[in-house]
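Colleague: One structure coming up, written as structure tokens, with questions to follow.
Protein chains: 2
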Amino acid sequence: MVVDRSPRLDRVFHALAHPARRAIVRQLSVGERTLTELASPLKMTFPAASKHVRVLEAAKLVRRRIAGREHRCSLRASPLKDAMQWTEQFRRHWEASFAALDTLLEEMKAQEQPRSRRD
Amino acid sequence: MVVDRSPRLDRVFHALAHPARRAIVRQLSVGERTLTELASPLKMTFPAASKHVRVLEAAKLVRRRIAGREHRCSLRASPLKDAMQWTEQFRRHWEASFAALDTLLEEMKAQEQPRSRRD
DNA sequence: GGTATAATAAACCAGATGGTTGTCGATAGA
DNA sequence: TCTATCGACAACCATCTGGTTTATTATACC
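So the protein lines, in turn, are chains F and L. The numbering used here numbers the first residue of the first sequence as 53 and each following residue consecutively. The numbering used here numbers the first residue of the second sequence as 53 and each following residue consecutively.
Pasting the structure below:
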């Protein structure tokens, strides 16, 4: 169990590793969007944006519903939950480091008082 | 502000998108490790593992302290916090979908009762 | 000094990624 | 029906990724 063989997480983290794809996710968090709507704010051609949506689909972050000639996309957030749960298992680490920083700041504060009297 | 220009998040999510690198993070969550210790459980050559550690360093997820001939690596969790906070902004979406599933299950349950009497 | 060990560096490779342009099919609307 | 629009698809390209092998540097130990 040393290595984390989890292609689901691979795909989700990879999907989130590109600013355009994160932008798409945020757009979809507001509500359903067609491909052209998703593509228009991105500084790239339509086919490029379309590829990004496919990457998000592969990560199961986006569902596509074809309605006539337009493809309506919506967010599927559960893979985000998986990603968050993975990172959350290290919560105590960043909390610990902030606690350490707090302690340091406390100590600096405590030393500042006597030093200002000494000086 | 349409596109998410955040190279920090790019690097963090990209760093987490590979099973070997997630395995390294988990190893470091237990405590400090040298490069050879990090590489040994991975099914790849040492230089390959070393490259993965560099990717993690670029994402500021790993700090390296050189001690004689060995490089001691430790976890810097704060970028994980950033990644988690980004995903967390969509929490209500997956909670909503689970709420919807709950509702669905409730409805199915409610319909099951009369149907089992009908059958 | 001589040898084993920790790690880097460089060269190389196959395949993935991220983008483009151009062509095509299907649907909506005049 | 004709035209505009939404989108897929394919080809192409440069660059990045993830891995290898080989050689090299620097430290530790006998």
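For every residue, glycine included, the Cβ atom is placed at its ideal position computed from N, Cα and C.
By DSSP, does Glu140 (chain L) sit in helix, in strand, or in coil?
Modeller: Taking the second sequence and counting its residues from 1, one reaches residue 140 (chain L) at position 88. Helix.
Colleague: Can we say the region 102–109 of chain F touches the region 97–105 of chain L, given the rule of at least three CB pairs closer than 8 Å?
Modeller: no
Colleague: Is Asp171 (chain F) helix, strand or coil when you go by DSSP?
Modeller: For the purposes of this step, residue 171 (chain F) is taken as the residue at position 119 of the first sequence. Summary for Asp171 (chain F): the model assigns pLDDT 31, below 50, so the residue's position carries little reliability; its value from the coordinates is reported in the next sentence. In the three-state DSSP reduction, Asp171 (chain F) falls in the coil class, being neither helix nor strand.
Colleague: Relative to the C-alpha of Glu89 (chain F), which residue among F:Ser130, F:Arg115, F:His123, F:Met136 is closest?
Modeller: Start at 1 with the first residue of the first sequence, and residue 89 (chain F) comes out as number 37. The residue with the shortest Cα to Cα distance from Glu89 (chain F) is F:His123.
Colleague: Please list, in chain order, all residues of the same chain as Asp171 (chain L) whose beta carbon is under 7 Å from its beta carbon, the five residues on each side excluded.
Modeller: Along the second sequence, read from residue 1 onward, the residue named residue 171 (chain L) stands at position 119. Any reading at Asp171 (chain L) must be qualified, since the residue scores a pLDDT of 33, below 50, and its modelled position is unreliable; the value itself is stated next. Nothing meets the Cβ criterion.
Colleague: Taking just the CA atoms, how far does Glu140 (chain F) sit from Arg174 (chain F)?
Modeller: Shown here, chain F extends from 53 to 171; a query on residue 174 (chain F) therefore has no answer.
Colleague: If you check the beta carbons only, do Cys125 (chain L) and Arg85 (chain L) fall under 7 Å apart?
Modeller: Mapped onto the second sequence, residue 125 (chain L) falls at position 73. Mapped onto the second sequence, residue 85 (chain L) falls at position 33. Yes, the Cβ-Cβ distance between Cys125 (chain L) and Arg85 (chain L) is below 7 Å.
Colleague: Give me whichever residues DSSP pairs with Glu122 (chain F) in a beta bridge.
Modeller: Position 70 of the first sequence, counted from the start, is the residue given in the question as residue 122 (chain F). For Glu122 (chain F), which the question treats as bridged, DSSP gives the partners F:Ala119.
Colleague: Rounded to whole angstroms, what is the Cα-Cα separation between Ser130 (chain L) and Leu113 (chain L)?
Modeller: For the purposes of this step, residue 130 (chain L) is identified with residue 78 of the second sequence, where counting begins at 1. For the purposes of this step, residue 113 (chain L) is identified with residue 61 of the second sequence, where counting begins at 1. So the two alpha carbons sit approximately 8 Å from each other.
Colleague: So, for Ala72 (chain L): in the same chain, excluding its five sequence neighbours on each side, which residues have a beta-carbon less than 6 Å away from its beta-carbon?
Modeller: For the purposes of this step, residue 72 (chain L) is taken as residue 20 along the second sequence, with counting starting at 1. Around Ala72 (chain L): Leu94, His104.
Colleague: Following the continuous alpha helix (DSSP H) through Pro99 (chain F), name the residue where it begins and the one where it ends.
Modeller: Stepping through the first sequence from its first residue, residue 99 (chain F) is reached at position 47. Unbroken alpha helix (DSSP H) run through Pro99 (chain F): 98–110.
Colleague: Measuring straight from C-alpha to C-alpha, what distance separates Ile118 (chain F) and Val77 (chain F)?
Modeller: The residue labelled residue 118 (chain F) in the question sits at position 66 within the first sequence. The residue labelled residue 77 (chain F) in the question sits at position 25 within the first sequence. Near 19 Å, if we compare the C-alpha coordinates of Val77 (chain F) and Ile118 (chain F).
Colleague: For the alpha helix (DSSP H) that Arg78 (chain L) lies in, which residues bound it at each end?
Modeller: The residue given as residue 78 (chain L) occupies position 26 in the second sequence. Per DSSP, Arg78 (chain L) belongs to the alpha helix (DSSP H) from 71–82.
Colleague: What did DSSP end up calling Leu127 (chain F) once you bin it into helix, strand or coil?
Modeller: Residue mapping note: residue 127 (chain F) aligns to position 75 of the first sequence, counting from 1. Assigned with DSSP and collapsed to three states, Leu127 (chain F) falls in strand.
Colleague: Report the rounded CA-to-CA distance for Arg63 (chain F) versus Arg115 (chain L), giving the unit in angstroms.
Modeller: The sequence position of residue 63 (chain F) within the first sequence is 11, counting from 1. The sequence position of residue 115 (chain L) within the second sequence is 63, counting from 1. Spanning the two alpha carbons is a distance of roughly 26 Å.
Colleague: Examine chain L for any beta-carbon lying closer than 7 Å to the beta-carbon of Val55 (chain F), and answer yes or no.
Modeller: Sequence index remark: in the first sequence, residue 55 (chain F) carries index 3 (1-based). Yes, Val55 (chain F) counts as interfacial toward chain L.
Colleague: Going by DSSP in three states, Val114 (chain L) sits in which element: helix, strand or coil?
Modeller: Walking along the second sequence from the start, residue 114 (chain L) turns up at place 62. Strand.
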